[in-house]
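> The structure is given below, and queries will be raised subsequently.
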Amino acid sequence: MLTTLAKLFIALNSENSPKQISYAIALGMIIGLTPLFSLHNLVILFLAFVVRVHLGAFFAGWTVFSILGLLFAPLFASLGHGLLTLPALAGLWDTLYQSTFMQLAHFHHTTTLGSLLVSLIVFYPLVRLLNHLILKYRTHIMAYVLKFKIVQTLKASKVYKAYSQLQGAQ
Amino acid sequence: MKKYFRWQGLLGLIAFLAFIAAIIYIFAGWIIKTGIEQGGGWYLGAEVNVEAVNVNWSPFTLDIVEFQATDPKAPEFNAMQFKQAKAEVDLWQYLLGKVIVDDLTLAELEFGGKRASVGEVYRVPEGKNTSQTEQAGEAKEMALPDVKQLLKDADLITVSKAEQLQTVYQAEKEQLAQIKDNLPDEEKLDFYKQKVKEIQDTKVKTAEDLVKLKARLDELKAEIKADKKQISQAKDSLQSSKDNLKQAVTELKQAPDQDWQAVKTKYQLDTFEVEDVAHIVFGEKGREYYTQGMEIYQMLKPFLSTDSESATEEQAIVDVGQFIHFTEDAPQPDWLIKQGMVSVKTPQGLFSLDLSEINMQHWKRNKASLIEVSSNQLKGNGQISGKIDFFKAKDGNFLSEGKWLLEQLQIGAAQLDEETIQSAAKSALSLAAAKLFADGEFKLNNFDLDAVIKLDLLDPTFVTNASKGWQKKVVQALNDAAKIPAEIDILGSVMSPDWKIHSQIDEIIKGSVTQQLDAKLTEFKTDLQSQLNQKVASSLKLSDQQAGELANLDAWLNDADGTLNNLLDTQLKSVVDQEKEKAKEKVKDKLKNLFGG
Chain A
74 MLTTLAKLFI ALNSENSPKQ ISYAIALGMI IGLTPLFSLH NLVILFLAFV VRVHLGAFFA
134 GWTVFSILGL LFAPLFASLG HGLLTLPALA GLWDTLYQST FMQLAHFHHT TTLGSLLVSL
194 IVFYPLVRLL NHLILKYRTH IMAYVLKFKI VQTLKASKVY KAYSQLQGAQ
Chain B
8 MKKYFRWQGL LGLIAFLAFI AAIIYIFAGW IIKTGIEQGG GWYLGAEVNV EAVNVNWSPF
68 TLDIVEFQAT DPKAPEFNAM QFKQAKAEVD LWQYLLGKVI VDDLTLAELE FGGKRASVGE
128 VYRVPEGKNT SQTEQAGEAK EMALPDVKQL LKDADLITVS KAEQLQTVYQ AEKEQLAQIK
188 DNLPDEEKLD FYKQKVKEIQ DTKVKTAEDL VKLKARLDEL KAEIKADKKQ ISQAKDSLQS
248 SKDNLKQAVT ELKQAPDQDW QAVKTKYQLD TFEVEDVAHI VFGEKGREYY TQGMEIYQML
308 KPFLSTDSES ATEEQAIVDV GQFIHFTEDA PQPDWLIKQG MVSVKTPQGL FSLDLSEINM
368 QHWKRNKASL IEVSSNQLKG NGQISGKIDF FKAKDGNFLS EGKWLLEQLQ IGAAQLDEET
428 IQSAAKSALS LAAAKLFADG EFKLNNFDLD AVIKLDLLDP TFVTNASKGW QKKVVQALND
488 AAKIPAEIDI LGSVMSPDWK IHSQIDEIIK GSVTQQLDAK LTEFKTDLQS QLNQKVASSL
548 KLSDQQAGEL ANLDAWLNDA DGTLNNLLDT QLKSVVDQEK EKAKEKVKDK LKNLFGG
C-alpha cells in the first residue's frame with residue numbers, strides 16, 4: 074500500500090502531464106475492474122507499456138480498482154447476465170459467439186462483459202475528472218503539501234528515488 | 008510519434024508478461040489449492056482442506072491430493088473427502104469457457120468420514136438435522152392396558168348402559184308404585200262382589216223397587232268402570248315400562264362387544280406391528296442412504312443445473328459470474344467428464360464407479376451419461392454390479408434408469424461378541440448382523456421416481472434394548488428365521504418419495520410371536536369381557552327381580568280387570584235382566600187374570 078501511495082505521489086508531483094497520469098489511472102481502472110485473465114487486458118497492458126502514460130499511476134490505479142472490482146463483481150455479473158440473456162440482443166451475441174476470438178475474449182462471461190462495459194463507459198469521464206483534479210492539485214495544493222515534513226522524508230527515501238529514476242529512464 | 012509511444016515499453020511488457028507467466032507456472036498449484044480452500048469454504052460454510060495441488064501442463068492435468076470438506080452440521084466429520092483426484096482437462100475448451108475433463112480418476116471418495124481435527128464452521132446451516140436413524144428407530148411401544156383401570160374408564164359403554172338400566176328401573180318402579188296405589192285392591196274387589204250379591208238378592212216387588220235397584224246398579228257400575236279405567240291406564244304404563252326396560256337390557260347385553268371393539272381400536276390391539284418391524288428392519292438403512300444421497304445432491308445441485316434459467320436462481324453462481332453459451336457447430340456441454348473412474352469408500356466396502364459422458368446437457372452431444380457400479384471387495388466377500396444411465400433433454404425433461412445386483416454383503420460384524428451386541432442394542436429393534444442379497448431397478452422421469460428393491464436377509468441377528476417380553480419374543484422370532492425376504496417400493500416425488508415395504512416378516516411374526524401375543528390378547532379379552540359380563544349380570548339380576556314384580560303386577564291387573572268385567576258384564580247385567588223378566592211375567596199374569604183368566 075505504501076508503494077502504491079508512493080507511486081501516486083511521485084506521479085502527482087512529477088513533471089509528467091496530467092493527461093499521462095489520468096490516462097494511466099483510467100487504464101489501470103479497466104484492468105482492475107475486469108477479471109485479470111482476459112484477452113482485452115493484454116491490449117490494456119500493451120497500451121500502458123507502449124503509450125507514454127505514467128506506469129506508476131497505471132499500477133496504482135490497477136491496485137485501487139482491483140479492490141473496487143471485487144466489491145462490485147456481483148453487480149457486474151448481474152449486468153452481464155442481463156445483457157447476455159436479453160432477447161433483443163440474442164442475435165448479436167449468437168453472431169459474436171461464432172468467432173473463436175470473441176470466445177477467447179470471454180465476452181460471453183457475465184462478469185467480464187459487465188465490468189468491461191462499465192469501465193469503458195466510465196473511462197473517458199474518469200480521464201476528464203482526473204485531469205481536472207490533478208491540475209487543481211498542482212495549482213493549489215502541491216506547494217503546500219511539499220512543505221510537510223513527512224513528504225520531505227518520503228522524497229528522501231530510497232523508494233522515491235528508485236521510482237524517480239525509473240520514471241526518468243522511461 | 009515518439010511523443011505518444013515508447014517502443015522500448017514493449018520489452019517492459021514482455022518482461023512483465025514473462026513475470027506473470029512465471030508466477031503462474033511456479034505457483035499454479037498453490038493458487039488453485041488456495042482457490043479450492045477459500046472458494047469451497049465460502050460455498051460450504053465450513054473449512055475445506057487440500058494437502059496439495061499438482062499441475063501438469065502437457066497434457067493439462069490437475070492432481071488434487073487429500074481433499075477434505077468439513078460438514079458444517081457435524082464439524083468433527085467431513086461432508087466429503089477423497090484421497091486423490093486427477094483430472095485431465097482440455098485447456099483450449101477451458102479458455103473458451105468450458106470444463107471438459109477427458110479423463111478423471113477419483114480415489115477413495117468418502118462421505119461422512121471422521122476428521123483428524125474438528126473443522127472450522129463459518130456458517131451454521133439452518134434447521135436441525137434430525138437423524139433418520141433416530142426417526143426410524145422410534146419403534147411403537149405396545150402395552151396392554153390394565154383391566155381394572157380400564158373398567159374404571161367412564162367411557163366404557165357397558166358401565167354406562169348398566170347405570171342406564173338402573174336409572175330406568177328406578178324411574179319405572181316409582182311410576183308403577185304410584186299407579187299401584189290408585190288401583191282397587193282385594194278388599195275393594197270383595198266389596199264389589201258383596202254389593203253385587205246384595206243387589207242380586209234384593210227382592211223387587213214393585214216398579215219402584217226396580218227403579219231403586221236400577222239406580223244402585225248404575226252407581227255400582229260407574230264405580231267399577233272408574234276402577235277399570237285405572238286398571239287400563241296401569242296396563243298401558245306397565246307395557247311402556249316393560250318396553251323401556253327391555254330396550255335398556257338389550258343395550259346392556261350388546262355393550263361388552265362394543266366396548267371390546269373400542270378397546271381394540273384405542274390400544275391398537277389389532278394393528279400391532281409387523282409393518283413397523285419391517286420398516287425398522289428395511290426402512291432405516293434405506294432411508295439413511297437415501298437421505299445421504301439427497302444431501303450430496305443438494306450440495307452438488309448448483310453445479311448440475313447448468314441451464315441458464317436454473318443458474319439464474321442460483322445467486323451464488325451469479326455473484327462470481329458464469330459463462331453463457333450460444334449456438335455452436337459442435338456443441339459441448341458447459342462441463343463434461345468424458346470418462347472417469349471413481350472409487351467410493353463406505354462402511355460396506357470399496358465401490359468402483361466407471362463413469363462415461365457425465366454432464367447435465369445431454370442434448371448437446373446426444374449421448375446419455377452412464378455409471379457402472381461394481382465391487383467385489385464388500386464386507387463378507389460381497390459383490391455388487393449395477394448400471395445407471397440418465398439423459399436430460401433440452402426442454403428440461405430428465406430420464407434415468409438403473410439396475411443393480413448385490414450379493415452376500417455382510418451387514419454388521421461376521422462374528423458377534425457380547426460387547427458388540429450390547430453396543431448395537433440401542434433401540435427397540437436393531438439389525439446387528441446379516442448377509443444381504445438384493446437386486447433392484449428404478450426409473451426416474453423428471454422428479455417421479457419408481458424404484459423396486461428386492462432383498463433377502465440371511466441369518467439375521469437382531470438385538471433389542473427392550474425389556475418387555477413380547478418385544479424379546481419378536482427379536483427371537485426374527486433371529487430364528489434363516490431368511491427374511493422383502494420388497495421395497497419407492498414411488499412418487501424424488502424429493503419426498505413414498506416408501507412401501509412388503510416383507511415376509513409379517514408371516515414370521517404372525518406365525519410365532521403374534522400367536523403368543525394373540526393368546527395374551529385373548530386372555531386380556533376374556534378377562535375384560537368377564538368383568539364386563541359381571542356388570543351386565545348384576546344389572547340383569549336386578550332386572551329379573553323387577554321383571555318378576557312386573558309380572559305379578561301384570562297378573563293382578565289382568566285378574567282385577569277380569570273380575571270387574573265379570574261383575575259388570577255378566578252378574579250385574581243379568582240382575583237387571585232377571586228383574587225385567589220377573590216384572591214382565593208379573594204383568595203377563597195380571598193381564599191374564601183380568602181378561603180371560
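Line order of the protein sequences matches chains A and B. Just so we're aligned: 220 in our numbering is position 147 of the first sequence, and the numbers increase by one with no gaps anywhere. Just so we're aligned: 290 in our numbering is position 283 of the second sequence, and the numbers increase by one with no gaps anywhere. The beta-carbon is built from N, C-alpha and C at its ideal position, and this holds for glycine as well. Note that the structure is predicted; figures quoted are calculated from it, not measured.
Okay, do the region 117-133 of chain A and the region 191-199 of chain A touch, 3+ Cβ pairs below 8 angstroms being the bar?
no
> What do you reckon, are the CB atoms on ALA53 (chain B) and TYR129 (chain B) nearer than 8 angstroms?
It is a contact, given that the beta carbons lie within the stated cut-off.
> Please confirm whether ASN89 (chain A) has its beta-carbon closer than 8 angstroms to some beta-carbon of chain B.
no
> Have a look at the DSSP bridge pairing and note the partners of ILE83 (chain A).
Note: ILE83 (chain A) sits in no beta bridge, so no partner.
> So LEU157 (chain A) and HIS127 (chain A) are in contact, right, with Cβ under 8 angstroms, and what is the actual spacing, rounded?
The Cβ separation is near 35 angstroms, so there is no contact.
> What in chain B is Cβ-close to VAL123 (chain A), meaning under 8 angstroms?
Near VAL123 (chain A) (Cβ distances below 8 angstroms), the residues of chain B are PHE12, ARG13, TRP14, GLY16, LEU17 and LEU20.
> Between the C-alpha atoms of LYS352 (chain B) and LYS90 (chain B), what's the straight-line distance to the nearest angstrom?
The straight-line gap from Cα to Cα measures roughly 10 angstroms.
> Just to confirm before moving on: does the CB-CB distance between LEU443 (chain B) and LEU413 (chain B) stay below 8 angstroms?
yes
> DSSP three-state call for MET102 (chain A): helix, strand or coil?
helix
> Would you list the one or two residues that DSSP bridges to ASN600 (chain B)?
According to DSSP, ASN600 (chain B) bridges with nothing at all.
> Would you list, in chain order, the members of the region 100-129 of chain B that have their beta-carbon closer than 7 angstroms to a beta-carbon of chain A?
Cβ contacts with chain A come from LEU102, LEU103 and GLY104.
> Buried or exposed for GLN93 (chain A), going by 16 or more other Cβ atoms inside 10 Å?
buried
> Could you run through the region 330-342 of chain B and flag, in chain order, every residue whose CB is less than 9 angstroms away from some CB of chain A?
PHE330, ILE331, HIS332, PHE333, THR334, GLU335 and ASP336
> Applying a beta-carbon distance threshold of less than 9 angstroms, which residues of chain A neighbour GLY48 (chain B)?
The premise fails here: GLY48 (chain B) is roughly 17 angstroms from chain A at the closest Cβ pair, so nothing lies under 9 angstroms.
> At a CB-CB cut-off below 7 angstroms, which residues of chain B make contact with LEU157 (chain A)?
Those within 7 angstroms of LEU157 (chain A) in chain B are ILE331.
> Using the three-state DSSP reduction, which class does LEU159 (chain A) fall into: helix, strand or coil?
DSSP places LEU159 (chain A) in coil when its eight states are reduced to three.
> Using the Cα positions of PHE291 (chain A) and ASN56 (chain B), report the straight-line distance between them to the nearest angstrom.
Residue 291 (chain A) falls outside the range modelled here, since chain A spans only 74 to 243, and no answer is possible.
> Which residue wins for smallest C-alpha separation from LEU227 (chain B), given the options B:TYR199, B:ASP188, B:THR41 and B:GLN237?
When each option's Cα is compared against that of LEU227 (chain B), the closest is B:TYR199.
> At a Cβ cut of 7 angstroms, what residues of the region 221-235 of chain A count as close to chain B, listed as they run along the chain?
none
> When the distance is taken between beta carbons, is LEU357 (chain B) closer than 8 angstroms to SER382 (chain B)?
yes
> Can you name the start and end residues of the beta strand (DSSP E) that ALA29 (chain B) belongs to?
Careful: ALA29 (chain B) lies outside any beta strand (DSSP E), inside the alpha helix (DSSP H) at 16-51.
> Out of curiosity, what's the CA-to-CA distance linking GLU5 (chain B) and ASP457 (chain B)?
One cannot answer for residue 5 (chain B) here, as it falls past the ends of chain B, which runs 8 to 604.
> Work out the CA separation of ILE194 (chain A) and TYR11 (chain B) for me, nearest whole Å.
23 angstroms
> Hey, does GLY347 (chain B) have any beta-carbon neighbour from chain A nearer than 8 angstroms?
no
> Nearest to GLN585 (chain B) by alpha carbon, out of B:SER65, B:VAL108 and B:GLN207?
B:GLN207
> Which word fits ASP466 (chain B), buried or exposed, when buried means at least 16 other C-beta atoms lie within 10 angstroms of its C-beta?
exposed
> Can you have a look at SER500 (chain B) and say buried or exposed, based on whether 16 or more other CB atoms are within 10 angstroms of its CB?
exposed
> Using a Cβ-Cβ distance under 8 angstroms, would GLY42 (chain B) count as near chain A?
Chain A, which has no Cβ nearer than 8 angstroms to the Cβ of GLY42 (chain B), makes this no.
> Give the single residue among B:ASN366, B:GLU127 and B:ALA269 whose Cα lies nearest to the Cα of GLU44 (chain B).
Cα-wise, what sits closest to GLU44 (chain B) is B:GLU127.
> Please determine if the region 30-41 of chain B and the region 101-115 of chain B are in contact, where contact requires at least 3 C-beta pairs separated by less than 8 angstroms.
No, because fewer than three Cβ pairs between the region 30-41 of chain B and the region 101-115 of chain B fall closer than 8 angstroms, the two stretches do not touch.
> Could you list which residues in chain A have their beta carbon closer than 8 angstroms to that of PHE67 (chain B), in chain order?
Correct list: empty, because the minimum Cβ distance to chain A is about 15 angstroms.
> Can you tell me whether ASP264 (chain B) is buried or exposed? The criterion is at least 16 other CB atoms within 10 Å of its CB, across all chains shown.
exposed
> Three-state secondary structure (DSSP) at THR213 (chain B)?
THR213 (chain B) sits in coil when the DSSP states are folded into three classes, being neither helix nor strand.
> Closest Cβ-Cβ distance between HIS181 (chain A) and chain B: below 8 angstroms?
yes
> Mind checking if PHE132 (chain A) is an interface residue toward chain B, Cβ cutoff 8 angstroms exclusive?
The beta carbon of PHE132 (chain A) does not come within 8 angstroms of any beta carbon belonging to chain B, so the residue lies off that interface.
> Select from B:LYS593, B:ASP568 and B:GLU588 the residue whose C-alpha is nearest the C-alpha of ALA241 (chain B).
B:ASP568
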